[in-house]
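Counting from -17, one number per residue, gives the positions in the sequence shown under my numbering.
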Amino acid sequence: MAILLFMVILWYTGLFFQSFFLHRYAAHQTFTMSNFTEKVCFFLTWVFQGSNYLSAYGYGVMHRMHHAYVDTEKDPHSPKYDSNLFSMMWRTKSIYQDINNNRIELDTKFTKNTPQWAKFDNFASSTTSRVIWGLLYTLFFYFFATAWWQWLFLPVAFLMAPIHGVIINWFGHIVGYTNFQVNNTSKNLLPFDFLMMGEGYHNNHHKYSHRANFGGIRWYEIDPTFYIMIFLNSIGIIQLKKRAIAIKS
């Protein structure tokens, strides 16, 4: 039970900060926050993503490129231009690292106002940090695993963020339903997105990319991350932009 609970917590906390901080804040800037709160989010992203830590700058820039070049050869991740999900994610990893290491020239529209804390990113993304998190995960399994099959979850813990990425960037362009005709293959994965905390409403998001609420087009499309953002906005931790909470934008 402890291992299953650990995996659920790791899944949803890491996913929340990927959706809330990296996606809706860094990439799309659907809300604002203080400099202090931004630093706290960097730190909490590292805590909850652990060995999977993703830079807000690298993620934000790459995701903007995805929207600009969706389903073309310049798209950092498109099932149309990769033979399988492993080759797609390897290409995604390479582009992400090139962005973080300033190895490619970037249009200012991709980098403008994208949050960056270079010193922290260098530490959180370091091999040392990732190995320490990996050892901590392994120790947790050593002390709390009660059956051999529970160890099968350990590689999932090591690769949680890439797995989240595969679900949206691969399957979110292959399976599901659409609410809108758009110039790409984006799909909504689930009518009620309990699995990906709203990220699965990919077709909705590609239609209205600057909405904070990825669901809400149909009555049953509930976006859990958005409702957490509404609460955080109500107590003054973040400030949602008016355009981001409009019904259509």
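Cβ coordinates follow ideal geometry from the N, Cα and C atoms, glycine included.
Taking C-beta separations shorter than 7 Å and ignoring five residues to either side along the sequence, the partners of residue 127 in its chain run -15, 133, following chain order.
Under the DSSP assignment, residue -11 falls in the alpha helix (DSSP H) whose first and last residues are -16 to -1. Here residue 183 is bridged, per DSSP, to 170.
Taking all protein chains shown into account, residue 143 has 16 or more neighbouring C-beta atoms within 10 Å of its C-beta and is therefore buried.
The closest CA to that of residue -12, considering only 120, 191, 201, is found on 120.
If you check the CB distance, residue 12 and residue 228 do not come in under 8 Å.
Per the Cβ contact rule, the stretch 151 to 161 is not in contact with the stretch 0 to 19 (fewer than 3 Cβ pairs under 8 Å). Annotated three-state conformation of residue 4 is helix, per DSSP. In the DSSP assignment, residue 38 falls within the unbroken alpha helix (DSSP H) covering 38 to 50. Closest option to residue 57, judged by alpha-carbon separation, among 179, 206, 70: 70. Contact annotation, residue 99 with residue 21: C-beta distance approximately 7 Å; criterion of less than 8 Å satisfied. By the criterion of a C-beta distance shorter than 6 Å, residue 173 is surrounded in its chain by 202, once the five residues flanking it on both sides are discounted. For residue 134, the secondary structure class from DSSP, reduced to helix, strand or coil, is helix. About 6 Å separates the Cβ atoms of residue -8 and residue 139, confirming a contact at the 8 Å cut-off. Rounded to the nearest angstrom, the gap between the Cα atoms of residue 41 and residue 89 is 15 Å. Where residue 225 is concerned, there is no enclosing alpha helix (DSSP H), because DSSP gives it neither an H nor an E. In this structure the stretch 176 to 188 touches the stretch 198 to 217; the number of beta carbon pairs closer than 8 Å is three or more. Counted as a single uninterrupted DSSP element, the alpha helix (DSSP H) harbouring residue 115 occupies residues 109 to 126.
Linking residue 164 to residue 156 through their CA atoms gives a straight-line distance of about 14 Å.
Taking a C-beta distance under 8 Å as the contact criterion, residue 197 and residue 218 do not qualify as a contact pair. Looking at 54, 34, 86, the one whose alpha-carbon comes closest to that of residue 113 is 34. Counting along the chain, residue 100 sits inside the alpha helix (DSSP H) bounded by residues 100 to 106. Taking 8 Å as the upper bound for CB-CB distance, residue 3 and residue 38 are in contact here, some 6 Å apart. In summary, residue -10 is exposed, with fewer than 16 beta-carbon neighbours lying within 10 Å of its beta-carbon over all protein chains present. Under the three-state reduction of DSSP output, residue 162 falls in the coil class, being neither helix nor strand.
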